[in-house]
Each structure stands twice: as C-alpha cells, then as structure tokens.
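Data block below; observations after.
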Amino acid sequence: MNPAYRPYHPKWHRDRMPIFWWLGQAAYVKFIVRELTSLAVGYAALLLLAEVWALDRGAAAHARFLRFLAAPPVVAFHVVVCAALLFHTVTWLNLAPKALVVRLGGKRLPDGAVVAGHYLLWLLASGVIVWWLRGGL
Amino acid sequence: MPETAETIRLEVLRYRPEEDSEPVWQGYDVPLRSDWMVLDGLNYIKDTLDGSLSYRWACRMGVCGSCGMMVNGTPTLTCASYLSALAPGPIRVEPLRGFPIVRDLVIDLHDFLDKLKSVKPWLLRTEEPPLAAGEHLQTPEQLAEYKPYSMCINCMLCYAACPIYALEPGFVGPAAIALAQRYNLDSRDQGAAERLDVLSQHEGIWACTFVGECSAVCPKGVDPAGAIQRYKVGATADWWRSVLMPWGAR
Amino acid sequence: MRRSREPFFWALFSSGGMIAALVLPALALWLWVARPLGWVAGPTGPEMAALLGPLLLRFCLFVVIALALFHWAHRFRYTLYDGLQLAHLYGLIASICYGGATLLTAAAAWLLWRLPHLPPLPPLR
C-alpha cells in the first residue's frame, strides 16, 4: 500500500477497548496484579525513608515510629505489603531467563538454571541483609 | 454425509457492512464429528447452511497462518481447534481482536503488514563478500540462536492477544519484533543498527509491558515475549554504550 | 529518526526491579513484621543509627530507595496508561511519577548524608 494514500473505509468496524479490559481474562487480571506490586515497591522505599527521617529527628521520633509500626492494623497492612513484595520477587525472578541469555563456554544455559541462579542470589542477598540487621557487618 | 444426531452450536459474530451498523451474533448448529476442527464447522456452515459467511483459511494444517480467529475469547487457529474439545458448546467464533473488521470474520491486515515491513525482515548486509568467497557458513549453535523466531507463520494470534497492540496505535507488535530479532540474531545479517532506528522509537518496542499473552497463544512456540525482552536489554545496553562511549563506530 | 529516551528509564526500571526483588522481602519482613511483633529484638533506634554509620552502607540504602522509587515510577506510569487508558495525560503522569521519584530520591540523599552528623542517640530506658 502506498503510505501516502490509504483508502479510508468508513464501513470497517472498529471496536473500542473497554476501560476494564483487564477484568475479562484471568491472564490479564494476573498481569495487572503483578504490575500493581510496583505500588508495594514504592511504598517500601517510602517507609525506609520514613525510618531514616525518624532517626534524623531524634530518639523520641524514632520511638514513635516504632510504636506506629507495632499498631495491629499497620502490621496487618504490612503483611499485605510483604505478600505483594514476595509476589514481585517471584514473578520477576521467574521471568529472568526471558530477558537474560547466559552463555557459559559457548553453550547456552537452560532457563531453569538461570532461574535457579537468581533464586540463589535472592537467598544470599537476604542472608546478608539479615546479618547486617543483626549487627554483623 | 451420514446423519448424526449430535450437533454443536457455533455462535458466529457476523458483520455485513451493507446492512449492519454493528456486528451481530448468529448461531448455527453443525455436526459434532470427532475429527472435525472449528474450521470444518465453518466450512459446513458455508457449504450447507449459509453461503454468505466470509472467513479466511487455506492449508487447514497449521502452517499458513490464515485461519486465526477468536474461539471462546482466545486467539486460536481454527484449523487446529477440535470441536469435541469445546463440547458441549456453544462455541463463540469472532474475528481476531485488535483489527478492523472488514466483513464477518475477515479483518484488515494492513497495519500488521506495514509494521512487519518497517522492521525490514530480510537479511541486510553492509558489505557483500565476493562470490568466490563461497557461501555463508553457519554452525548449528548459530542456527539455534534465531531458529525459534523463524518459525513465525504471521498468523497474528499474538497481536490479538496483546492488549497493548489494541491500546497503542504505534506499537510495532510481537510478531514484527520477533521477526526483527530473527534477523538481528542471524550470523549472516548486518542490519541490527538499521532496525534499531525503527524499533527504538517510543512505541516501537517500549510500549510493551511484558503481559506475556503473545507467547501463550503462539501456535508455533516462537516466544515473541522473550524476543522483545531480549531486545529491550540489547537496545538499552546499546543506548548506554552510545551515551558513555560516543566515539565508538555506529 | 530520533531515538527515544526510553532506554534510560527502562534501565532504571529493570535495575530497580531486580534490586527490589532481591532486597526488599527480607528487609520488609524483618523491619515491619518481625520487629514490631517482637519476633526479633531489633534494630532499635540507636542500633539502626549504628547500622547506618558507615558511608558505604548509607550509600547502599540510598541506592535501594532510589532505584525502588524509579522502578515504581516507570511501572506505575505504564499501568495508568494501559489499565485506565490515561495515555493522553502523558505529560502529567510522567511529571508526577518521575518528578515524585526525583524529589524523594533527593530527600533520601540529603537525610542519609547528614545522619552521622547528628549527636548519637541515647539508649532508650
């Protein structure tokens, strides 16, 4: 087709995408839930920043922050946040081999090995963090 | 044809531009034979029930990519979908989503074809070796690099499955990007930079949010979602290289 | 043809997603579930300040916060475009997401930089 001229066909039917197209199929719902975990990631960054800010303002401020964290509805909310963060981790690591092709000695590493490597990395990183939080570093 | 009491209902979305302002559903009862595909059901409708039904098909064995339609809301090759697997029905048959409907189950392909052409899906060479140098030789490992992407039959099921294609008019789409990768990763090709110009446009590939449905519906195991993610990584690395080391040959 | 600047934002998004995936679950479970519920003893205020004493560790925390924020910005932007079909508000959404992430990153940088310059926190009794 010559791009300078394309016949316009007014009789062709074009459907509009409904706003809630993603509620139509299980795969799409799962996709949107996965994407919404970005809110948990952003919130986690904010909460980390909030603790640093509380430290900045002094011992009393930090104590208030810890009491806020201990309130039952806050703990319940944070359990949901943790579940969302775990969902982000699992979905992200499982999709890693799609983006990353690793070659060792000329042969391409199978997808399972790439995923396993990422989970191992996750385990190591978590270990280092727990060690740091317990005052080990 | 021997009479069989068992039938299954096909609810087909009809659209006759000369008489309809909107698509309408029309139901047909076709024989439920154990070896029939949805395509056989459509052929039965056209042969005996309603000759006005329009649809595309050709090889009826899953290699030409002509007979793609939405079957019960999923993009499927109708020649590869058993009626008995969808029993007791009714089976909803609609044209591929995301494309303008020309008539009944026939859609307009021009957008896909234009986008496919824009990624230059052929071997691009910057220097041609002399004939005396012989053929391009390729090891099995080099072939394996791009072989899955070469299996694409242009059936556009991935476009129908991709919500971004329906939302973003400029998105080049799964099959076009997979085919661009098929050539980028071919050891005989030297056109990756030329294709980057098209693909690195804002909508080119960046509209993709890795829904992944394109790979889920692909009948040939092409994995366009994987092709797109790999391309994103490559294009990003390329961009950083051009920013941090602009003296490199482009 | 002009090349898009998307690769820059995508790099932030993907590195942020990887860091968030590897680091956040352990941090979140420890600091915001285990610690408030008393399953673990700390870190308390003074302990936390001590943990963030070395510049390197404060820099690591800064990187985690910054990349997590930009990961959110990029991903949420596209969720709004596709999930609520707000692509026509391109400029506004990009400003809010990336602008917000930039401001909070700057705040994180400033707060983490000045942390050790404060007097040491007395132990709480």
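Residue numbers (the numbering used here), protein chains in the order written: chain A, 1371 to 1507; chain B, 900 to 1149; chain C, 7 to 131.
Ideal Cβ placement from N, Cα and C applies to all residues, glycine included.
**Request:** With 9 Å as the C-beta to C-beta threshold (strictly closer), list the residues of the segment 67 to 82 of chain C near chain A in chain order.
**Result:** LEU67, VAL70, ILE71, ALA72, LEU73, ALA74, LEU75, HIS77, TRP78, ALA79, HIS80, ARG81, PHE82
**Prompt:** What are the residues that DSSP puts in a beta bridge with THR1461/A?
**Reply:** Your numbering for residue 1461/A matches position 91 in the first sequence. The partner list for THR1461/A (beta bridge, DSSP) is empty, contrary to what the question assumes.
**Message:** For a test of the three-state rule: what should DSSP assign to LEU985/B, helix, strand or coil?
**Reply:** In the second sequence, residue 985/B corresponds to position 86, counting from 1. It is helical.
**Item:** Inside the segment 1048 to 1091 of chain B only - alpha helix (DSSP H) runs reaching at least 4 residues
**Value:** 1056 to 1060, 1062 to 1066, 1073 to 1083
**Prompt:** When burial is assigned at 16 or more other CB atoms within 10 Å of the CB, is ASP1189/B buried or exposed?
**Reply:** Since the first residue shown for chain B is 900 and the last is 1149, residue 1189/B is missing from the structure and cannot be characterised.
**Item:** Whole beta strand (DSSP E) elements within the segment 971 to 1047 of chain B, 3-residue minimum
**Value:** 973 to 976, 990 to 993, 1000 to 1002
**Ordered list of alpha helix (DSSP H) runs contained in the segment 1433 to 1496 of chain A, each at least 4 residues** = 1442 to 1469
**Asked** With 16 as the cutoff for other CB atoms within 10 Å, does GLN1128/B come out buried or exposed?
**Response** Taking the first residue of the second sequence as position 1, residue 1128/B is located at position 229. Under this definition GLN1128/B is a buried residue.
**Segment limits, alpha helix (DSSP H) that includes ARG120/C** = Against the third sequence, residue 120/C aligns to sequence position 114. Residues 96 to 120.
**Request:** Would you list the residues sitting across from MET936/B in a DSSP beta bridge?
**Result:** Position 37 of the second sequence, counted from the start, is the residue given in the question as residue 936/B. For MET936/B, which the question treats as bridged, DSSP gives the partners TYR981/B.
**Prompt:** Interface residues of chain A around GLY1125/B at Cβ under 7 Å?
**Reply:** Within the second sequence, residue 1125/B is the residue found at index 226, counting from 1. Under the 7 Å cutoff, chain A gives LYS1468.
**Request:** Using only alpha-carbon positions, find the residue among LEU62/C, MET54/C, HIS77/C, TRP38/C that is nearest to PHE14/C.
**Result:** If you number the third sequence from 1, residue 14/C lands on position 8. Ranking the options by Cα distance to PHE14/C, first place goes to HIS77/C.
**Buried versus exposed, by CB contacts within 10 Å (16 or more), HIS1488/A** = Along the first sequence, read from residue 1 onward, the residue named residue 1488/A stands at position 118. Label assigned to HIS1488/A: buried.
**Request:** For VAL1485/A, decide whether its Cβ has a neighbour in chain C, counting only Cβ atoms nearer than 8 Å.
**Result:** Counted from its first residue, the first sequence places residue 1485/A at position 115. It does not: the Cβ of VAL1485/A has no partner Cβ on chain C nearer than 8 Å.
**Item:** Chain-ordered chain F contacts of LYS1131/B [CB-CB under 7 Å]
**Value:** The chain labelled as chain F is not found among the protein chains of the depicted structure, namely A, B and C.
**Asked** For the segment 1413 to 1425 of chain A, which residues have a beta carbon sitting closer than 9 Å to at least one beta carbon of chain C?
**Response** TYR1413, ALA1414, ALA1415, LEU1416, LEU1417, LEU1418, LEU1419, GLU1421, VAL1422, TRP1423, ALA1424, LEU1425
**Request:** To the nearest angstrom, report how far apart LEU941/B and CYS963/B are at their CA atoms.
**Result:** Walking along the second sequence from the start, residue 941/B turns up at place 42. Walking along the second sequence from the start, residue 963/B turns up at place 64. Rounded to the nearest angstrom, the two C-alpha atoms are 17 Å apart.
**Message:** Taking beta-carbon pairs under 8 Å, can you tell me which members of the segment 1374 to 1406 of chain A lie near chain B?
**Reply:** ARG1376, HIS1379, LYS1381, TRP1382, HIS1383, ARG1384, ASP1385, MET1387, TRP1391, TRP1392, GLY1394, GLN1395, ALA1397, TYR1398, PHE1401, GLU1405
**Asked** Listing by chain order, which chain A residues have their CB less than 9 Å from the CB of THR1108/B?
**Response** Position 209 of the second sequence holds residue 1108/B. Neighbours of THR1108/B on chain A, chain order: PHE1401, GLU1405.
**Asked** Checking contacts by CB at 8 Å: is LEU1503/A closer than that to chain C?
**Response** Counting from one through the first sequence, the residue named residue 1503/A turns up at place 133. So yes, LEU1503/A belongs to the interface.
**Asked** Which bits of chain B does TYR84/C rub up against, with CB to CB less than 7 Å?
**Response** If you number the third sequence from 1, residue 84/C lands on position 78. Simply THR1108.
**CB-CB length for LEU1419/A against ILE25/C, believed under 8 Å** = Residue numbering aside, residue 1419/A sits at position 49 when the first sequence is read from its first letter. Residue numbering aside, residue 25/C sits at position 19 when the third sequence is read from its first letter. Not really, about 15 Å apart at Cβ, beyond 8 Å.
**Request:** Identify which residue in GLY972/B, TRP1105/B, GLY961/B has its Cα closest to the Cα of ARG81/C.
**Result:** By one-based count along the third sequence, residue 81/C stands at place 75. Nearest C-alpha to ARG81/C: TRP1105/B.
**Message:** Can you pull the chain A neighbours of TYR943/B, defined as C-beta to C-beta under 8 Å?
**Reply:** As a first step, residue 943/B is located in the second sequence; it is residue number 44 there, counting from the start. The contacting residues do not exist; TYR943/B stays about 25 Å from chain A at best.
**Prompt:** With DSSP run on the structure shown, which of helix, strand or coil describes LEU909/B?
**Reply:** Numbered from 1 along the second sequence, position 10 holds the residue referred to as residue 909/B. Reduced to three states, the DSSP call for LEU909/B is strand.
**Request:** Check the Cβ of LEU1409/A against every Cβ in chain C and list those closer than 8 Å, keeping chain order.
**Result:** The sequence position of residue 1409/A within the first sequence is 39, counting from 1. Under the 8 Å cutoff, chain C gives TRP78, PHE82.
**Request:** With a threshold of 16 other CB atoms inside 10 Å of the CB of HIS1448/A, please say whether the residue is buried or exposed.
**Result:** Numbered from 1 along the first sequence, position 78 holds the residue referred to as residue 1448/A. Under this definition HIS1448/A is a buried residue.
**Asked** Counting along the chain, where does the beta strand (DSSP E) carrying ILE928/B start and finish?
**Response** Locating residue 928/B in the second sequence gives position 29, counting from the first residue. In the sequence as displayed, the identity of residue 928/B is Asp instead of Ile. That run of the beta strand (DSSP E) goes 923 to 930.
**Message:** Counting beta carbon pairs with one atom in the segment 1032 to 1048 of chain B and one in the segment 1069 to 1089 of chain B, are three or more of them shorter than 8 Å?
**Reply:** yes
**Message:** According to DSSP, simplified to helix, strand and coil, what is HIS1379/A?
**Reply:** Position 9 of the first sequence, counted from the start, is the residue given in the question as residue 1379/A. Looking at HIS1379/A - three-state DSSP - the assignment turns out to be coil, as it is neither helix nor strand.
**Asked** Mind checking TYR1045/B: buried by the 16 CB within 10 Å criterion, or exposed?
**Response** As a working note, residue 1045/B is residue 146 in the second sequence. Answer is buried; the Cβ neighbour count reaches 16.
**Prompt:** In three-state DSSP terms, what is MET960/B?
**Reply:** Looking up residue 960/B in the second sequence gives position 61. Coil at MET960/B, not helix or strand.
**Prompt:** When the distance is taken between beta carbons, is PRO1123/B closer than 8 Å to GLY961/B?
**Reply:** In the second sequence, counting from the first residue as 1, residue 961/B sits at position 62. In the second sequence, counting from the first residue as 1, residue 1123/B sits at position 224. No.
**Beta-bridge partners of GLY23/C, as assigned by DSSP** = Residue mapping note: residue 23/C aligns to position 17 of the third sequence, counting from 1. According to DSSP, which records beta bridges pairwise, GLY23/C is partnered with nothing at all.
**Request:** Look up GLY967/B in the DSSP assignment and say whether it is helix, strand or coil.
**Result:** Translated into positions along the second sequence, residue 967/B becomes position 68. Looking at GLY967/B - three-state DSSP - the assignment turns out to be strand.
**Prompt:** GLN854/B: buried (16+ other C-beta within 10 angstroms of its C-beta) or exposed?
**Reply:** Absent from the model: residue 854/B. The displayed extent of chain B is 900 to 1149, so no value can be given.
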